[in-house]
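K.L.:
Protein chains in written order, with the UniProt record's numbering: chain D, 1 to 233; chain X, 1 to 233.
After the structure tokens below, expect a handful of questions from me.
Number of protein chains: 2
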Amino acid sequence: MSSSKEKRDYIQNVSYDSVIFGFNGSQLKILVLEYHNTGYFALPGGFVKMDQSLDDAVKNGVSQRTGLQDIYLEQFYTFGSLERSDPKIMEKILTENKLDLEQHQWMLGRFLSIGYYALINYEEVSLRPDELSDSINWYSIDELPPLMMDHKEMVDKALEVLRVNLDRKIVGTNLLPQKFTMRQLQEVYEAILGEKIRRTTFQRKMLSMEILVRHEKLFQGKAHKAPYLYSFK
Amino acid sequence: MSSSKEKRDYIQNVSYDSVIFGFNGSQLKILVLEYHNTGYFALPGGFVKMDQSLDDAVKNGVSQRTGLQDIYLEQFYTFGSLERSDPKIMEKILTENKLDLEQHQWMLGRFLSIGYYALINYEEVSLRPDELSDSINWYSIDELPPLMMDHKEMVDKALEVLRVNLDRKIVGTNLLPQKFTMRQLQEVYEAILGEKIRRTTFQRKMLSMEILVRHEKLFQGKAHKAPYLYSFK
């Protein structure tokens, strides 16, 4: 959201929300905004312009709200219950941001919200809260602040979809350097799955998936003791 | 859709479409409607009432449009490109059904459409076209009529999601009798994946997934030669 959104420019009753997963080599975190003077913590979200594709709306909106550029967002679920919308919460956000309630009346209605997620290396990005928000921060998935509306349910659903699809999704992400060790790959899996995995089991599984290329070790002093490096095919 | 839908009752610019997969023991088919006097073939779809959850809208709408009761529909993707909507197609459908264009003007706009799929045993159901449609029929996925708008893309996406998730989805479906042979299970897989699978490979994989219970053979004349029966855990 930015200020003064005209009703006629936007698809009514539709929003998007994004679950941005960040990994720093050991921990899985999620990006959360805090709205000015409300105590409301929320996933970065927004609306879809009438003349904009859904994917573009999400890509541009997330970039404006968070400062993150060029991240790959993937749709995971559309939330459509009647209970999920709460006009009181939206009214408070508008009021505290000194936005005209009359003009933004359409934001107090019922919303279907389309969920997107992204997986990024959070040490490579810099964040910038938008004008509606006090702060934007990474929170460990075990220590999230209380999220407004159904945003915690969105996080849980995104995590569920990500976990089920991890073997296929891991290849496209930039969570790892271009060449990585089996141990680094295992740490990504463990952070996302939220559990420890046996080294031998993990290695056997990864090699059997045939998604990895093993590289020759460079000839160095103790190179024969160094672990192999891999990249994705 | 049924006739005379009032604009104020529905979320604007949002629709749903459903890909109903049917299996009869050997072939995978899809349910397709044909609109009166238009030559348009389409997936069963409709709109979401302002006071109705998305899931309920889809469940009730599909049941009204097809005659199918109590089928389990699962969301798979929301289609949101600008190009997907075609007011000319909608106008022709309305005109040929003698519906007032003025009153239904809102149906000619841009629509985001939420895709749902279902997997059913098509020999256990009876179909009934709704008032907008000449016919509703099962078509083999290899022999679909040309579908309107992006409905073929929807079928492809649903099939892609189903194939990737088949190992998890197969348990909840009622594509098989309660007890089934390994061969029957393999036939479901082959129909959905669109390829032959080696019997030994398939059996090993299925048993390793630990989703099956093997039942004792009944003591009968040639029972020792009969195949084992399985059910899902």
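Just so you know, even glycine gets a beta-carbon here, dropped at the ideal spot from N, CA and C.
Model, not experiment: these values are computed from the prediction.
Could you give the uninterrupted runs of the beta strand (DSSP E) lying entirely in the region 61 to 110 of chain X, keeping only those of 3 residues or more?
P.N.:
Fully enclosed beta strand (DSSP E) runs of 3 or longer: 74 to 79.
K.L.:
Is residue 241 of chain X helix, strand or coil when you go by DSSP?
P.N.:
Outside the modelled stretch of chain X, which goes from 1 to 233, sits residue 241 of chain X, for which no answer is possible.
K.L.:
Going along the UniProt domain "NrtR DNA-binding winged helix" (173 to 232) of chain X in order, which residues come within less than 9 Å of chain D, judged by CB to CB distance?
P.N.:
Answer in chain order: no residues at all.
K.L.:
For chain D, check one thing: does any of its Cβ atoms lie closer than 8 Å to the Cβ of LEU112 of chain X?
P.N.:
Yes - at least one Cβ of chain D is within 8 Å of the one on LEU112 of chain X.
K.L.:
Between GLN12 of chain X and chain D, is there a C-beta pair that is closer than 8 Å?
P.N.:
It does: the Cβ of GLN12 of chain X has a partner Cβ on chain D nearer than 8 Å.
K.L.:
Leaving out the 5 sequence neighbours to the left and right, which residues in its chain are closer than 6 Å to TYR40 of chain D when beta-carbon positions are compared?
P.N.:
Only MET148 meet the Cβ criterion.
K.L.:
With a threshold of 8 Å on Cβ separation, who are the neighbours of TYR228 of chain D within its own chain once the five nearest residues in sequence on each side are excluded?
P.N.:
Once the five neighbours on either side are set aside, the close Cβ partners of TYR228 of chain D are THR181, MET182, ARG214, HIS215, LYS217.
K.L.:
Are any of the Cβ atoms in chain X nearer than 8 Å to that of MET50 of chain D?
P.N.:
Closer than 8 Å: yes.
K.L.:
So what's LYS7 of chain D in DSSP terms, helix, strand or just coil?
P.N.:
Helix.
K.L.:
Kindly indicate the opening and closing residues of the beta strand (DSSP E) around LEU33 of chain D.
P.N.:
Looking at the DSSP string, the run of the beta strand (DSSP E) that includes LEU33 of chain D is 28 to 35.
K.L.:
Starting from the N-terminal side, write out each stretch of the alpha helix (DSSP H) that is 4 residues or longer and does not extend beyond the region 138 to 225 of chain D.
P.N.:
Runs of the alpha helix (DSSP H) inside the region 138 to 225 of chain D: 151 to 164, 166 to 169, 182 to 193, 199 to 208.
K.L.:
Give the secondary structure of VAL125 of chain D by DSSP, where H, G and I count as helix, E and B as strand, and everything else as coil.
P.N.:
Here VAL125 of chain D sits in coil by DSSP.
K.L.:
Along the chain, where does the beta strand (DSSP E) containing TYR40 of chain X start, and where does it finish?
P.N.:
That residue, TYR40 of chain X, is in no beta strand (DSSP E); it is neither H nor E in DSSP.
K.L.:
Would you mind working out which of D:TRP138, D:VAL161, D:LEU108 sits nearest THR78 of chain D, comparing C-alpha positions?
P.N.:
Ranking the options by Cα distance to THR78 of chain D, first place goes to D:VAL161.
K.L.:
For VAL62 of chain D versus MET154 of chain D, is the C-beta distance shorter than 8 Å?
P.N.:
Against a cut-off of 8 Å, the Cβ pair of MET154 of chain D and VAL62 of chain D comes out as no contact.
K.L.:
Give me, in chain order, the residues of the same chain whose beta-carbon lies closer than 8 Å to that of ALA209 of chain X; leave out the 5 immediate sequence neighbours on both sides.
P.N.:
The sequence shown places Met at residue 209 of chain X, rather than the Ala named in the question. Answer for MET209 of chain X: ASP167, listed in chain order.
K.L.:
Which residues does DSSP list as the beta-bridge partners of GLY22 of chain D?
P.N.:
Bridge partners of GLY22 of chain D: D:LYS29, D:ILE120.
K.L.:
Between which residues of its own chain and GLN12 of chain X is the CB-CB distance below 8 Å, once the five residues before and five after are set aside?
P.N.:
If we look at GLN12 of chain X and ignore the five residues flanking it on each side, its Cβ neighbours are TRP106, GLY109.
K.L.:
Could you spell out the range, first to last residue, of the beta strand (DSSP E) harbouring TYR228 of chain D?
P.N.:
No beta strand (DSSP E) contains TYR228 of chain D, which DSSP labels as neither H nor E.
K.L.:
Run the CB neighbour count on residue 244 of chain X, radius 10 Å, all protein chains shown included, and call it buried at 16 or more, exposed below.
P.N.:
One cannot answer for residue 244 of chain X here, as it falls past the ends of chain X, which runs 1 to 233.
K.L.:
Closer than 7 Å, Cβ to Cβ, to anything on chain X: give me those residues from the region 73 to 99 of chain D, in chain order.
P.N.:
Within the region 73 to 99 of chain D, the qualifying residues are GLN75, TYR77, THR78, GLY80, SER81, LEU82.
K.L.:
Taking its Cβ as the centre, do 16 or more other Cβ atoms sit within 10 Å of GLY80 of chain X, making it buried, or is it exposed?
P.N.:
Result: buried.
K.L.:
Excluding the five sequence neighbours on either side, which residues of its own chain have a C-beta within less than 6 Å of the C-beta of residue 239 of chain D, listed in chain order?
P.N.:
In the structure displayed, chain D extends from 1 to 233; residue 239 of chain D sits before or after that span and is not available.
K.L.:
Output needed for SER135 of chain X: all residues of its chain with C-beta closer than 8 Å, excluding positions within five of it in sequence on either side, in chain order.
P.N.:
Closer than 8 Å at Cβ, skipping near neighbours: LEU33, GLU34, PRO129.
K.L.:
When Cβ atoms are compared, which residues of the region 129 to 147 of chain D fall closer than 8 Å to chain X?
P.N.:
Within the region 129 to 147 of chain D, no residue has a Cβ that lies closer than 8 Å to any Cβ of chain X.
K.L.:
Out of D:SER133, D:VAL125, D:ASP142, D:GLU195, point me to the one whose CA is closest to LEU175 of chain D's CA.
P.N.:
With distances taken between Cα atoms, LEU175 of chain D lies closest to D:VAL125.
K.L.:
So, is MET50 of chain D buried or exposed, given that buried needs 16 or more other C-beta atoms within 10 angstroms?
P.N.:
Looking at its Cβ environment, which holds fewer than 16 other Cβ atoms inside 10 Å, MET50 of chain D is exposed.
K.L.:
Against chain D, with Cβ distances strictly below 8 Å, would residue 247 of chain X count as a contact?
P.N.:
Since the first residue shown for chain X is 1 and the last is 233, residue 247 of chain X is missing from the structure and cannot be characterised.
K.L.:
Excluding the five sequence neighbours on either side, which residues of its own chain have a C-beta within less than 7 Å of the C-beta of ILE89 of chain X, listed in chain order?
P.N.:
Excluding sequence neighbours, ILE89 of chain X sits near TYR40, MET148, MET149.
K.L.:
Can you check whether the CB of ILE141 of chain D is closer than 8 Å to the CB of ILE30 of chain D?
P.N.:
Yes, they are a contact pair.
K.L.:
With a CB to CB cut of under 8 Å and the five nearest residues on each side skipped, what residues in its chain are close to TYR230 of chain D?
P.N.:
Same-chain partners within the cutoff: LYS179, PHE180, THR181, MET182, LEU185, LEU212, VAL213, ARG214, HIS215.
K.L.:
Can you list, in chain order, the residues of its chain whose CB lies under 6 Å from that of PHE202 of chain X, leaving out five sequence neighbours each side?
P.N.:
Answer for PHE202 of chain X: GLN186, listed in chain order.
K.L.:
Which partner residues does LEU112 of chain X have in the DSSP bridge list?
P.N.:
Answer by DSSP bridge pairing, in chain order: X:VAL14.
K.L.:
Nearest CA to the CA of LEU101 of chain D: which residue from D:LEU112, D:PHE111, D:PRO87, D:SER113?
P.N.:
Considering only alpha carbons, the answer is D:PRO87.
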